[in-house]
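Chains as they are written, first to last, in the numbering used here: chain H, 1 to 112; chain Y, 1001 to 1231.
Ideal Cβ positions, reconstructed from N, Cα and C, are used throughout, including at glycine.
Notes to accompany the following structure.
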Amino acid sequence: MRNASSTRLFLFAGLLLAVALVLFVSPFANPNPDGFNRVAIDEGFAETETDHGLNESPLADYAVSGVDHEGLSKGLSGVIGVLATLALGLALFAFARKRRESDPAHARGEEA
Amino acid sequence: MHIPDGFINAGTSAGAAVIAAGGVAVAVKKTSNYMEDMQVPLAGLTAAFVFAVQMLNFPVAAGTSGHLLGGALAAILVGPWAGALCVAVVLIVQAFFADGGITAIGLNILDMGFVTALGGYALFAGLRKVLPKERSSVVIASGIAAGVSVVLSALAFFLHFAIGGNVALPLGSVFAAMVGVHALIGVGEGVITAATIGLVLSVRPDLVYGARDLATPLELKPQVRTAGGLS
């Protein structure tokens, strides 16, 4: 078993990579519709799309409202998304982890 | 691959939301059975990484791009049920980016989360059984499984569309178009997944759920102690 500091370093490097990807690579991502939207356009069901309830969100369409520079706006929205996903993910998995301790069946070693 | 609001009718979307909610509850229970303290931050990081890579659209054909779905990748890193939860978390956050419909969240969690994570992992596990028991097999199996998982996801959408599409279209044509373009995107998915799994295996193989059987971390320690002159 590797030590805990090696694991912390790995996690930190992983997070740094995710942040670097959205900040420096995502502004250069291919802007064309993805395969799914391409099929919707070509096959003729794209127009059935209705307005998204969060169209007015300050992060809508991967841009931070108020940041005019297109690439920077996208990159920053990505950083916010990465951190928000990390926070929500940590909360959910910590909940799942805790759930077992409070589960008496599991404490007795039974398969839940 | 994110289904927006309006493509699929309300009844089918609501049904998918109920199934997805049940699936998430089952996934939390399954995850709680094996998740250790150390794996909590790793699973959170996996979700964050999937969010990041989903923003990196790559070209697949003229005027068309594709992006990672990440369910198979997450499943191989942290286990199939936790992997599906990773994608579900990503989709919930993406709603605030107006990506993927709000009424379609259940459809998307099923197609992009459960189908790719559970389907992709099942395929990965099957390939591992027939391939030699070594690291390179894990990389190859992850690439193939991830690639095919994209086509499975496209098939799942087609099923929703056939049941509850809001416009009647020749289904054969939609089917061929969906499978065709997602086979191409699957190549990208496979390459990114294999590269990521290969990278993690090279630095911390013990953290890869799908390669637990290869972990032999205790073998070297006694030799190191002897060489250190303790005896």
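- What are the partner residues of residue 1061 of chain Y, as DSSP defines its beta bridges? The residue you call residue 1061 of chain Y lines up with position 61 of the second sequence. Bridge partners of residue 1061 of chain Y: Y:1064.
- Message: Which residue marks the beginning of the alpha helix (DSSP H) containing residue 1136 of chain Y, and which one marks its end?
- Response: Residue 1136 of chain Y sits at position 136 when you count from the first residue of the second sequence. Residue 1136 of chain Y -> alpha helix (DSSP H) spans 1135 to 1164.
- Query: According to DSSP, is residue 1111 of chain Y helix, strand or coil?
  - Reply: For the purposes of this step, residue 1111 of chain Y is taken as residue 111 along the second sequence, with counting starting at 1. In this structure, residue 1111 of chain Y counts as helix in the three-state DSSP scheme.
- Query: So, residue 1147 of chain Y versus residue 1210 of chain Y, is the Cβ gap smaller than 9 Å?
  - Reply: Reading the second sequence from its first residue, position 147 is the one you call residue 1147 of chain Y. Reading the second sequence from its first residue, position 210 is the one you call residue 1210 of chain Y. No, Cβ-Cβ distance for residue 1147 of chain Y and residue 1210 of chain Y is not below 9 Å.
- Short Cβ contact (9 Å threshold) for residue 99 of chain H with residue 1029 of chain Y: Sequence index remark: in the first sequence, residue 99 of chain H carries index 99 (1-based). Sequence index remark: in the second sequence, residue 1029 of chain Y carries index 29 (1-based). Yes, these two residues count as a Cβ contact at 9 Å.
- Task: Pull up the CB-CB distance for residue 1189 of chain Y and residue 1150 of chain Y, whole angstroms please, since I reckon it's below 8 Å.
- Result: Within the second sequence, residue 1189 of chain Y is the residue found at index 189, counting from 1. Within the second sequence, residue 1150 of chain Y is the residue found at index 150, counting from 1. Confirmed, Cβ separation roughly 5 Å.
- Tell me which same chain residues have a C-beta within less than 6 Å of the C-beta of residue 1010 of chain Y, skipping the five on either side of it? Translated into positions along the second sequence, residue 1010 of chain Y becomes position 10. Counting only Cβ-Cβ distances below 6 Å, and skipping sequence neighbours, we find nothing.
- Message: Between which two residues does the alpha helix (DSSP H) holding residue 1022 of chain Y run?
- Response: Counting from 1 along the second sequence, the entry for residue 1022 of chain Y is found at position 22. Looking at the DSSP string, the run of the alpha helix (DSSP H) that includes residue 1022 of chain Y is 1010 to 1034.
- Message: Looking only at its chain, what residues have a beta carbon closer than 8 Å to the beta carbon of residue 1063 of chain Y, apart from the 5 residues adjacent to it on each side?
- Response: Counting from 1 along the second sequence, the entry for residue 1063 of chain Y is found at position 63. No residues qualify anywhere along the chain.
- Query: Between the C-alpha atoms of residue 1076 of chain Y and residue 1135 of chain Y, what's the straight-line distance to the nearest angstrom?
  - Reply: Counting from 1 along the second sequence, the entry for residue 1076 of chain Y is found at position 76. Counting from 1 along the second sequence, the entry for residue 1135 of chain Y is found at position 135. So the alpha carbons of these two residues sit roughly 13 Å apart.
- Query: Between which two residues does the alpha helix (DSSP H) containing residue 1046 of chain Y stretch?
  - Reply: Within the second sequence, the letter at position 46 stands for residue 1046 of chain Y. Run containing residue 1046 of chain Y: 1039 to 1054, per the alpha helix (DSSP H) assignment.
- Message: I'd like to know whether the C-beta of residue 17 of chain H is nearer than 9 Å to at least one C-beta of chain Y.
- Response: Taking the first residue of the first sequence as position 1, residue 17 of chain H is located at position 17. Answer yes: the Cβ-Cβ gap between residue 17 of chain H and chain Y drops below 9 Å somewhere.
- Item | Three-way DSSP call (helix, strand, coil) for residue 34 of chain H in this model | The count along the first sequence starts at 1 and reaches residue 34 of chain H at position 34. Of the three classes helix, strand and coil, the one that applies to residue 34 of chain H here is strand, per DSSP.
- Item | Coarse secondary structure for residue 1121 of chain Y, derived from DSSP in three states | As a working note, residue 1121 of chain Y is residue 121 in the second sequence. Here residue 1121 of chain Y sits in helix by DSSP.
- Message: When you compare the CB positions of residue 1031 of chain Y and residue 1164 of chain Y, do they come within less than 9 Å of one another, or not?
- Response: What you label residue 1031 of chain Y is simply residue 31 of the second sequence in a count that begins at 1. What you label residue 1164 of chain Y is simply residue 164 of the second sequence in a count that begins at 1. Result no, Cβ atoms of residue 1031 of chain Y and residue 1164 of chain Y do not sit closer than 9 Å.
- Task: Give the secondary structure of residue 1070 of chain Y by DSSP, where H, G and I count as helix, E and B as strand, and everything else as coil.
- Result: For the purposes of this step, residue 1070 of chain Y is identified with residue 70 of the second sequence, where counting begins at 1. Coil, per DSSP.
- Item | For residue 1203 of chain Y, the three-state DSSP class (helix, strand or coil) | Here residue 1203 of chain Y refers to the residue found at position 203 when the second sequence is read from its first residue. In the structure shown, residue 1203 of chain Y sits in a helix (DSSP, three-state: H, G or I).
- When you compare only the Cα positions, how much space is there between residue 29 of chain H and residue 6 of chain H? Position 29 of the first sequence, counting from 1, holds the residue named residue 29 of chain H. Position 6 of the first sequence, counting from 1, holds the residue named residue 6 of chain H. When rounded, the distance between both Cα atoms is 32 Å.
- Task: Compute the Euclidean distance between the alpha carbons of residue 58 of chain H and residue 14 of chain H, then round it to the nearest angstrom.
- Result: Stepping through the first sequence from its first residue, residue 58 of chain H is reached at position 58. Stepping through the first sequence from its first residue, residue 14 of chain H is reached at position 14. So the two alpha carbons sit approximately 27 Å from each other.
- Would you say residue 1065 of chain Y and residue 27 of chain H are within 9 Å of each other, going by their C-beta atoms? Sequence index remark: in the second sequence, residue 1065 of chain Y carries index 65 (1-based). Sequence index remark: in the first sequence, residue 27 of chain H carries index 27 (1-based). No, Cβ-Cβ distance for residue 1065 of chain Y and residue 27 of chain H is not below 9 Å.
- Query: Can residue 52 of chain H and residue 1004 of chain Y be called in contact, C-beta distance under 9 Å?
  - Reply: One-based indexing of the first sequence puts residue 52 of chain H at position 52. One-based indexing of the second sequence puts residue 1004 of chain Y at position 4. Yes, Cβ-Cβ distance for residue 52 of chain H and residue 1004 of chain Y is below 9 Å.
- Query: Going by alpha carbons, who is nearest to residue 93 of chain H out of Y:1167, Y:1116, Y:1041?
  - Reply: Position 93 of the first sequence holds residue 93 of chain H. Ranking Y:1167, Y:1116, Y:1041 by Cα distance to residue 93 of chain H puts Y:1041 first.
- Message: Using a Cβ-Cβ cutoff of less than 7 Å, which residues in the same chain neighbour residue 1183 of chain Y once the five nearest sequence positions on both sides are dropped?
- Response: One-based indexing of the second sequence puts residue 1183 of chain Y at position 183. Counting only Cβ-Cβ distances below 7 Å, and skipping sequence neighbours, we find 1151.
- Under 9 Å between C-beta atoms, does residue 1149 of chain Y make it to chain H? In the second sequence, the residue the question calls residue 1149 of chain Y occupies position 149. Not one chain H Cβ lies under 9 Å of residue 1149 of chain Y.
- Message: DSSP three-state label for residue 1231 of chain Y, please.
- Response: Locating residue 1231 of chain Y in the second sequence gives position 231, counting from the first residue. Only weak support is given to the placement of residue 1231 of chain Y: the predicted model assigns it a pLDDT of 44, under 50, and the value that follows is read from those uncertain coordinates. Correct three-state label for residue 1231 of chain Y: coil.
- Under 9 Å from the C-beta of residue 52 of chain H: neighbouring residues of chain Y: Taking the first residue of the first sequence as position 1, residue 52 of chain H is located at position 52. Simply 1004, 1005, 1095, 1098, 1099, 1100, 1101, 1102.
- Cut-off 6 Å between Cβ atoms - residues of its own chain near residue 1019 of chain Y, not counting five sequence neighbours on either side: Taking the first residue of the second sequence as 1, we reach residue 1019 of chain Y at position 19. Within the same chain, residue 1019 of chain Y has no close Cβ partners at all.
- Task: Check whether the Cβ of residue 111 of chain H lies closer than 9 Å to any Cβ atom in chain Y.
- Result: Position 111 of the first sequence, counting from 1, holds the residue named residue 111 of chain H. Residue placement at residue 111 of chain H is poorly supported in this model, since its pLDDT is 46, which falls under 50; the coordinates are not used for a value here.
- Task: List the residues of chain Y whose Cβ lies closer than 7 Å to the Cβ of residue 82 of chain H, in chain order.
- Result: Translated into the one-based positions of the first sequence, residue 82 of chain H becomes position 82. Neighbours of residue 82 of chain H on chain Y, chain order: 1048, 1051, 1052.
- Task: For the region 1117 to 1125 of chain Y and the region 70 to 88 of chain H, state whether three or more C-beta atom pairs, one from each stretch, are separated by less than 8 Å.
- Result: no
- Message: For residue 1058 of chain Y, which residues in the same chain have their Cβ closer than 8 Å to its Cβ, ignoring the five residues on either side in sequence?
- Response: Within the second sequence, residue 1058 of chain Y is the residue found at index 58, counting from 1. So the list reads 1065, 1066, 1067, 1188, once near-sequence residues are dropped.
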